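Protein chains in written order, with this note's numbering: chain A, 11 to 512; chain B, 748 to 1233.
See below:
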């Protein structure tokens, strides 16, 4: 076979997105591409302690990364889901778990039986009492899932909470070992081909010129290539997701290192709490139309639990995405392609989705339109589905205690979400996708956790007698509880499995 | 809430589709009162007329708690593993139900095969499928035995003996408590855009929900609106003949679908006899031409008169208190045997999505979206066979098929669609069987040298061949099965 000359890939920006892309390309397509990464020490990276989704495990595995080594290096903790406080009403609390309700095996969804018992007035526990992931989280335990699918202790998944400023260097070491070239320098110009409009090279402050065939824009919010040089328009979603600022401030961990992330609703947004091994990350995501940066900062400082480890830092952004993520010979990966607030920990997932699509659609020279179009179709779908899921959190609320909550409660929502909501209200049905980041249990957790109460239920759930059903649920709850009790505490597990170097 | 629960269902149509719906509803929603207006299926109802079914029928039986003693032995069914496509592309190829190839590296198996094909070194793709090789050799093994041998998944459909199968399903539905009302349907009374009663024989039948399984005329559903999506631009065949043949005398796991200019004909050798048929376009062939093809090529002696079909589907099969299923909802030529499968898909969804008597728009929308997407991808799969057969001129394609073909031709990628009937391996079997070869090789194949993958592929073929050789011939297997049961 004819050996094709490798594609010269230039990665612009060395944060999480840049190094994940560089490492993946060199690991998976070593003969197809050379990778040059340009980054500048002068420019900080956005990463503020990252909560992730379980998909990242697949990414690490594909790159042959040892889990314990990675967790120790990034001072990571385990994450079983997100604990949402004060969203439906002040005082409400629910977990969005990485796992099923019930065993997740029946032809009829577990929550349908649960709804049926509710509808006939039977005594029934909160739904989270029937979820392995929720119960491990509530009791502050952790162990790896059991391999046997019949074991109740196999019915959950997990992700990590880690220090994103340490993940990039961890991947950098790998990528460099795999042959990625790193150039230190600030980009001052981007050279376009006068005829084709494609990008030819990036020019650094020291006048170095780095040529390439394919440019990965992982320059973060700056969006140097796809935004500034190629001027791809940005679709603004702020009418649905009005939060446009975050103030972040890490602190010492005073309470337990929870195996979950917290998302606590505030007057004009929400606050994250992400426990790592060495500290806890905090931040207040808020809408500048409803609260000033000063007031938000004060509210955050007031709310954090331990001594502050740094000054509060403000981040400014806008919800939305570039109309296309792959334009000409430039592919945006990460924040340069769009921004969705970290409410459901999707930032790294979106980076990973772009990398997966890029590897599957890795181009030849010249780049085929069909590769570009398919990439954009796949990425649009990811963004759009996450968007709807995020809007749901704001819109499905009974809060009327501040202008912010009044706005999001009463705003118009996309039709695609309105249909999903109505369908759930009718009979607890979730629009099923076989592919897509958030599966059924995620939607169910948020709907029910935020008081979207179905009027009816699946007719099949009426078949067993109420007594038998209630007994079965009690048994299940007992099994879950016993399995959780056998697990070590989260902190014990961390110190045994992946202690960070001190 | 309680007061709006659906209590009764009337099913119009006493064919396989109607009785299957009755059995599924009574079995899985036993509180419903179910009556069947037992009008015999018309000749143009393909879901009732075609003997070949897909593996989904086995799942349907399992969900109903029907054993193979009931559905195979007592109902006179046979097994089928796939279809041999002759004259579509050279050489002939087999689309069987199961995995093609095995995991070799980080790229999909077919990408390594494509790489080999580009150097002219590839053995036909179906030689890497245990199901296809079992079918070619007419030897049978249950899926568990194939899995134990490390040869991946296989699935089988059934050749049904239509009268016996229908009677089995009818007896089962009646046993579960469904009731039977004699036809014919002499009238349908509407009120306010919904069905109020159906006049069956001398009786009026009323129910909360009406299931129209009356065949292509959709005697109930057609009264509510006429919003039909026509597929003839992509699937122009509008005539079908059924026939029987004396040969081959022995049943076979592998059916034949043979292309000829103007259409295609089929042959299915089942335990109850050999069934044939032909589908073609009346613009290109007369009935006499079609009958001649069947007698000359398929050895048929008597051909039944043509039935007319118009391929397409209702935009909204469920409207108000009436849902159409089977041929009343969607018409597709029997290529790939999807007719009863689509009816089962509809029945399963009616059971799992049963709304209230107010038939809320959003619930019906979700039902119609799902069955619509499923039917449209079946349409795409059928159009794929015709549009990529050798000697075919480029014709217009449905946009979703065009997308699939463009991605596949470029680099062997199969984009994902919701509600897909056929697995990726099924799509690959037909695409690669019909010599649609991607122009580029997946770069992920680089990590394994061609010599390595070649060795692995040789080994897979040998393992399959050794496994297949040890198995009983299918007619012997059937005989043993009968003896064991007796």
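The C-beta atom is built at its ideal place from N, Cα and C for all residues, glycine as well.
Computed from a prediction, not measured in an experiment: that's the story for all the values here.
Rounded C-beta distance between residue i and residue j? I'm assuming under 8 Å.
i: residue 225 (chain A); j: residue 22 (chain A); result: 6 Å
i: residue 1236 (chain B); j: residue 1177 (chain B); result: Because residue 1236 (chain B) is not part of the residues shown, which for chain B are 748 to 1233, the question remains open.
i: residue 787 (chain B); j: residue 762 (chain B); result: 7 Å
i: residue 353 (chain A); j: residue 280 (chain A); result: 7 Å
i: residue 88 (chain A); j: residue 177 (chain A); result: No, residue 88 (chain A) and residue 177 (chain A) are not in contact; Cβ-Cβ is about 16 Å, not under 8 Å.
i: residue 1235 (chain B); j: residue 1034 (chain B); result: Nothing can be reported for residue 1235 (chain B), as the shown portion of chain B is limited to 748 through 1233.
i: residue 90 (chain A); j: residue 285 (chain A); result: Not a contact, Cβ separation roughly 12 Å.
i: residue 851 (chain B); j: residue 1210 (chain B); result: 14 Å between Cβ atoms; not a contact.
Shorter than 8 Å from the beta carbon of residue i to some beta carbon of chain A?
i: residue 853 (chain B); result: yes
i: residue 1101 (chain B); result: yes
i: residue 754 (chain B); result: no
i: residue 1174 (chain B); result: no
i: residue 1107 (chain B); result: yes
i: residue 1153 (chain B); result: yes
i: residue 1187 (chain B); result: yes
i: residue 1199 (chain B); result: no
i: residue 748 (chain B); result: Bear in mind that a pLDDT of 46 at residue 748 (chain B), under 50, signals an unreliable position, so the model cannot answer this.
Which chain A residues sit within Cβ distance under 7 Å of residue i?
i: residue 861 (chain B); result: Within 7 Å Cβ-Cβ: nothing; residue 861 (chain B) doesn't reach chain A, min ~12 Å.
i: residue 776 (chain B); result: 469, 470
Please compile the residues from chain B whose C-beta is within a distance smaller than 7 Å of the C-beta of residue i.
i: residue 177 (chain A); result: Those within 7 Å of residue 177 (chain A) in chain B number zero; the least Cβ separation is about 23 Å.
i: residue 42 (chain A); result: 1190, 1193
i: residue 372 (chain A); result: 1190
i: residue 432 (chain A); result: 1109
i: residue 436 (chain A); result: 1107, 1109, 1110
What's the call for residue i, buried or exposed, on a 16-neighbour Cβ count within 10 Å?
i: residue 748 (chain B); result: The predicted model places residue 748 (chain B) with a pLDDT of 46, which falls under 50 and marks its position as unreliable; any figure quoted below should be read in that light. Burial call: exposed.
i: residue 342 (chain A); result: buried
i: residue 993 (chain B); result: exposed
i: residue 1049 (chain B); result: exposed
i: residue 802 (chain B); result: buried
i: residue 183 (chain A); result: exposed
i: residue 249 (chain A); result: exposed
i: residue 157 (chain A); result: exposed
i: residue 339 (chain A); result: buried
i: residue 159 (chain A); result: exposed
i: residue 1205 (chain B); result: exposed
i: residue 1110 (chain B); result: buried
i: residue 804 (chain B); result: buried
What residues of chain B sit near residue i, judged by a beta carbon separation below 8 Å?
i: residue 360 (chain A); result: Those within 8 Å of residue 360 (chain A) in chain B number zero; the least Cβ separation is about 18 Å.
i: residue 240 (chain A); result: Neighbours of residue 240 (chain A) on chain B: none; closest Cβ ~24 Å, over 8 Å.
i: residue 439 (chain A); result: 1100, 1110, 1113
Can you pull the chain A neighbours of residue i, defined as C-beta to C-beta under 9 Å?
i: residue 1162 (chain B); result: 384, 387, 388
i: residue 1098 (chain B); result: 469, 470
Kindly list, in the order they appear in chain A, the residues whose Cβ is closer than 8 Å to that of residue i.
i: residue 1112 (chain B); result: 429
i: residue 1157 (chain B); result: 378, 380, 381
Is there a Cβ from chain D that is less than 8 Å from the Cβ of residue i?
i: residue 443 (chain A); result: Here the protein chains are A and B, and chain D is not one of them.
Between residue i and the ligand PLP, is there a pair consisting of the residue's CB and a ligand heavy atom that are separated by less than 7 Å?
i: residue 1214 (chain B); result: In the structure shown, the ligand PLP is absent, as is every other ligand, since no ligand is present at all.
Under 9 Å Cβ-Cβ, which residues of chain B neighbour residue i?
i: residue 70 (chain A); result: Those do not exist, as residue 70 (chain A) stays about 15 Å from chain B at its closest Cβ, beyond 9 Å.
i: residue 466 (chain A); result: 748, 751, 752, 1102, 1103
i: residue 473 (chain A); result: 775, 776, 777, 778
So with Cβ pairs under 8 Å, would you call residue i a contact of chain B?
i: residue 4 (chain A); result: Shown here, chain A extends from 11 to 512; a query on residue 4 (chain A) therefore has no answer.
i: residue 38 (chain A); result: yes
i: residue 331 (chain A); result: no
i: residue 103 (chain A); result: no
i: residue 18 (chain A); result: no
Secondary structure, alpha helix (DSSP H): runs of 4+ residues fully inside the segment 171-257 of chain A
Entirely contained in the segment 171-257 of chain A, the alpha helix (DSSP H) runs reaching 4 residues are, in chain order, 174-187.
Note down, one range per segment and in chain order, each alpha helix (DSSP H) of at least 4 residues found wholly within the segment 125-176 of chain A.
Within the segment 125-176 of chain A, the runs of alpha helix (DSSP H) at least 4 residues long that lie entirely inside it are, in chain order, 142-148.
Complete runs of the alpha helix (DSSP H) confined to the segment 984-1047 of chain B [at least 4 residues]:
For the segment 984-1047 of chain B, whole alpha helix (DSSP H) runs of length 4 or above, ordered along the chain, are 1034-1045.
Which runs of the alpha helix (DSSP H), 4 residues or longer, sit entirely within the segment 1144-1231 of chain B?
Those alpha helix (DSSP H) runs which fall completely within the segment 1144-1231 of chain B and span 4+ residues are 1146-1158, 1171-1180, 1197-1216.
What residue ranges within the segment 899-943 of chain B form continuous alpha helix (DSSP H) runs of no fewer than 4 residues, ordered along the chain?
For secondary structure counted as the alpha helix (DSSP H) over 4 or more consecutive residues, the segment 899-943 of chain B holds these complete runs in sequence order: 909-922.
As an exercise, report each continuous beta strand (DSSP E) stretch of at least 3 residues that is fully enclosed by the segment 347-408 of chain A, in chain order.
The segment 347-408 of chain A contains no whole beta strand (DSSP E) run of 3 or more residues.
Unbroken stretches of the alpha helix (DSSP H), 4 residues or longer, contained in the segment 38-93 of chain A
65-72, 77-83, all fully within the segment 38-93 of chain A.
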